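J.:
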Amino acid sequence: MSWSFLTRLLEEINNHSTFVGKIWLTVLIVFRIVLTAVGGESIYYDEQSKFVCNTQQPGCENVCYDAFAPLSHVRFWIFQIIMVATPSVLYLGFAMHRIARMPESSRRRAPAARRARMPVVRRGAGRDYEEAEDDNEEDPMIFEEIEVEKEKSPEGGEKHDGRRRIKQDGLMRAYVLHLLCRSLLETAFLFGQYLLYRFEVSPSYVCSRSPCPHTVDCFVSRPTEKTIFLL
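Each step along the sequence shown adds one to the number in UniProt numbering, with nothing skipped, and position 99 is 99.
1. Comparing alpha-carbon positions, which option in S183, V206, L177 lies nearest H214?
2. Skipping 5 residues on each side, what residues in its chain have a beta carbon closer than 8 angstroms to that of P211?
3. By the 10 Å Cβ neighbour count, where 16 or more other Cβ atoms means buried, how is S183 classified, buried or exposed?
4. Counting pairs of beta carbons, one from the segment 189–206 and one from the segment 171–178, are three or more of them closer than 8 angstroms?
5. Beta strand (DSSP E) containing F219: first to last residue?
6. Would you report the Cα separation of L185 and A37, rounded to the nearest angstrom?
7. From I82 to F219, what does the alpha carbon distance come to, in whole angstroms?
8. Any idea what DSSP makes of E149, helix, strand or coil?
9. Identify which residue in L230, S202, L231, G40 has its Cα closest to the Cα of S221.
10. Grouping DSSP H, G and I as helix and E and B as strand, with all else coil, what is V176?
11. When you compare only the Cα positions, how much space is there between A95 and T26?
12. Can you give the Cα-Cα distance for G93 and E225, rounded to whole angstroms?
13. Check whether the Cβ atoms of R209 and A67 sit closer than 7 angstroms, and answer yes or no.
14. By DSSP, does S183 sit in helix, in strand, or in coil?
15. Alpha carbon to alpha carbon, what distance is there between I23 and V84?
16. Report the residue from F31, I78, I228 whose alpha carbon sits nearest the alpha carbon of E200.
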């Protein structure tokens with residue numbers, strides 16, 4: 001993927017998003033992708049190798065770790081990022097397709113406030129008179145009035161946060177639909193994370209699955225650090 005495509009993608013997201021949507025994009029990139037890539041790798045790189053149980057039975061530790069964490073935290077968060085970002089990507093693709101199919105005149109049409117204004121020259125006769133050199137007759141002075149039309153911008157035009165662009169391109173329904181889908185996915189993943197991990201990583205785990213010969217105690221590495229990162 002080239003950087004030009006990524007730049008264009010972010011530009012289109014900026015043009016077809018509200019202020020809240022731009023904040024969500026920043027949170028997605030900074031607090032999720034970056035933290036998951038940087039913090040998750042350093043904290044969870046030994047999540048299975050340091051999961052130790054007080055038994056020598058082959059296969060017992062693997063079975064107990066699978067019961068302790070059916071899905072790795074980092075993989076769960078990566079899957080969450082992909083699924084939550086999917087509605088936005090689909091909306092952006094629909095928006096770009098919709099704009100590409102618009103007539104060329106509509107795409108290049110600019111608001112009247114942004115068009116360059118040419119000076120208006122008016123010729124008129126003033127009340128002052130000057131004396132002619134030859135016949136001593138007084139002729140009216142002809143002067144030019146140059147007026148520059150001021151650009152008229154709609155009131156509050158600079159304060160809109162993308163909603164006007166969305167309405168002009170006829171994308172309001174698609175934008176609202178993608179917001180609803182994204183909100184539902186966020187809620188579903190929060191509920192799923194609570195069911196899988198709760199809000200705390202316990203320092204020990206009691207396992208009695210086969211092939212463990214008896215109930216064994218397993219211990220998790222850095223549980224406090226993982227609990228903070230989980231929250």
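We put the beta carbon where it would ideally sit given N, CA and C, even for glycine. Only a predicted model underlies this, so the values are computations on that prediction, with no experimental measurement involved.
T.: Quick look at the numbers:
1. V206
2. Q57, P58, G59, C60, V63
3. exposed
4. no
5. 216–219
6. 21 angstroms
7. 31 angstroms
8. Here the model assigns E149 a pLDDT of 46, short of 50, so the residue's position is not dependable, and the following value carries that caveat. Three-state result, E149: coil.
9. S202
10. helix
11. 20 angstroms
12. 39 angstroms
13. yes
14. helix
15. 15 angstroms
16. I228
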